[in-house]
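Engineer:
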Amino acid sequence: TALKKVLLSLIGAGKQAFYIPASAMAPRVSNGCAALATVETTTNKQNFDHLAFDPTTQEFAVFTWRAPKAIGTSTLTAIFDWSHPSTTTNFGVVWGLSAAGRGDGDALEIAMGTAVTATDTGGTTDTLYVSPVTGAMTVGGSFAAEDILKFQVSRNPSDGSDTMAVDARLHGVWLIFTTTQ
C-alpha cells in the first residue's frame, strides 16, 4: 500500500514511527474541530473514526504523547491520514502540526513551537489519503527523553493551497522520530 511504502522509506536505522488515531485526539476547547465521528463504507460496512475540520475557519484538535526514553533528536516530522466526503472540485488540504514539551516542574503554559505543514490533494470520496511528510518540527518548551508533549493538529483553510470546500476528515497522525537505541 502507499502508506507502507511511505513508512518503509522513512523508517531506517534509528527512525521510528508512532501512530496517533483520531480516537485518541480531542477537539481543542477554543476553535476546536468537530467531535469524533465515524464514517461507514457502503458495501462492507467498515467504520473509520475521524475528526472533521472546517473549510473556512481554522480549527484544531489536540493530543498528548510521552517521548520515549531513547529519543535522540529535538525535531519530529509527521504524516496525516485523511479522507473527504463528496465534493466536485478543489481537493487541496493543508494540514498543520505544532507541539510544546514539558518535563518535571515545568509550567503547563508553554508556547507551541512553529507549526509544520503538509499539503495534499484528495479527489475521490471516501478514499484514504496519506499526506507527504512535513518538514522538521521544533518542539516549543522542553523536549527531552520522557517529556510530555502536547500537540495541536490543524487545517489551514486560509492557505492558498487549501481549496477543498467541504470538511476534511482526519483519521490519524504518524509521528516520526529518531531513537538512540
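Just so you know, the sequence shown maps onto residues 1187 to 1367 in my numbering.
C-beta: ideal position from N, C-alpha, C; glycine also.
These numbers come from a predicted model, not from an experiment.
1) According to DSSP, simplified to helix, strand and coil, what is Ala1354?
2) The beta strand (DSSP E) that contains Thr1250, what's its start and end?
3) Alpha carbon to alpha carbon, how far is Arg1355 from Gly1289?
4) For Thr1313, which residues in the same chain have their Cβ closer than 7 Å to its Cβ, ignoring the five residues on either side in sequence?
5) Could you give the first and the last residue of the continuous beta strand (DSSP E) run that contains Gln1367?
6) Using 8 Å as the threshold, is the stretch 1334–1343 in touch with the stretch 1227–1241, meaning 3 or more CB pairs across them?
7) Of the residues Thr1305, Pro1254, Ala1351, which one's Cα is nearest the Cα of Val1280?
8) CA-CA distance, Ala1212 and Val1248?
Structural biologist: This is what the structure holds:
1) Here Ala1354 carries a strand assignment [DSSP, helix/strand/coil].
2) Taken as a continuous stretch (DSSP letters only), the beta strand (DSSP E) holding Thr1250 covers 1245–1252.
3) So the two alpha carbons sit approximately 32 Å from each other.
4) So the qualifying residues of the chain are Ser1269.
5) Taken as a continuous stretch (DSSP letters only), Gln1367 belongs to no beta strand (DSSP E), as it is neither H nor E.
6) With a cut-off of 8 Å, the stretch 1227–1241 and the stretch 1334–1343 count as touching, because enough Cβ pairs lie within range.
7) That would be Thr1305, whose Cα lies nearest to the Cα of Val1280.
8) About 5 Å.
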